[in-house]
Amino acid sequence: MPLLKSLHWLPVHYRIVFKICTMSYQALASKQPTYLNSMLTPARKSRELRSTSSNPLYIPRVKTKAGTRAFSVAAPTLWNSLPVGVKSEGNIVFSADV
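At the far end of the sequence shown sits residue 214, using the working numbering, and the numbering has no gaps.
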């Protein structure tokens with residue numbers, strides 16, 4: 117751990133979370149790459165709630181633990197857990213806030 121700190125590296129788990137959040141932001145902001153953007157579906161809004169301003173994503177149901185690690189499930193789960201202010205920031209600020 118001290119080596120990671122001295123190199124300013126994130127632990128592996130946090131690096132994975134950072135990359136998934138960054139890729140999700142880029143796919144939603146620029147609609148590129150299309151194969152990732154197609155996996156990120158906005159949640160269906162049945163009525164107007166305060167949470168609709170946070171742009172939640174639909175999280176598909178999975179039956180296995182391995183299924184939760186798929187980008188199509190992990191990305192919306194992490195995206196929905198981010199604060200609203202972080203999601204609405206510019207690209208450079210988004211990376212710094214995550």
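C-beta: ideal position from N, C-alpha, C; glycine also. The structure displayed is predicted, hence computed values, not measured ones.
{"Check": "Based on Cα-Cα distance, which residue from Lys135, Pro176, Ser204 lies nearest to serine 154?", "Outcome": "Pro176"}
{"Check": "For tyrosine 174 versus proline 158, is the C-beta distance shorter than 8 Å?", "Outcome": "yes"}
{"Check": "Can you give me the start and stop residues for the alpha helix (DSSP H) that arginine 131 sits inside?", "Outcome": "128-146"}
{"Check": "I believe alanine 191 touches isoleucine 136 by the beta-carbon criterion, under 8 Å. Please report the beta-carbon distance rounded to the nearest angstrom.", "Outcome": "5 Å"}
{"Check": "With a threshold of 16 other CB atoms inside 10 Å of the CB of alanine 234, please say whether the residue is buried or exposed.", "Outcome": "Here the chain comprises residues numbered 117 to 214, so residue 234 is not present and cannot be evaluated."}
{"Check": "Please identify the residue among Tyr130, Val200, Ser188 whose C-alpha is closest to the C-alpha of serine 140.", "Outcome": "Ser188"}
{"Check": "Which of the three DSSP states is assigned to leucine 173 in this structure?", "Outcome": "strand"}
{"Check": "Just checking methionine 155 against the ligand ATP - is the residue's beta carbon closer than 7 Å to any of the ligand's heavy atoms?", "Outcome": "This structure does not include the ligand ATP; it has no bound ligands of any sort."}
{"Check": "Determine the contact status of proline 127 and leucine 120, defining contact as a CB-CB distance below 8 Å.", "Outcome": "yes"}
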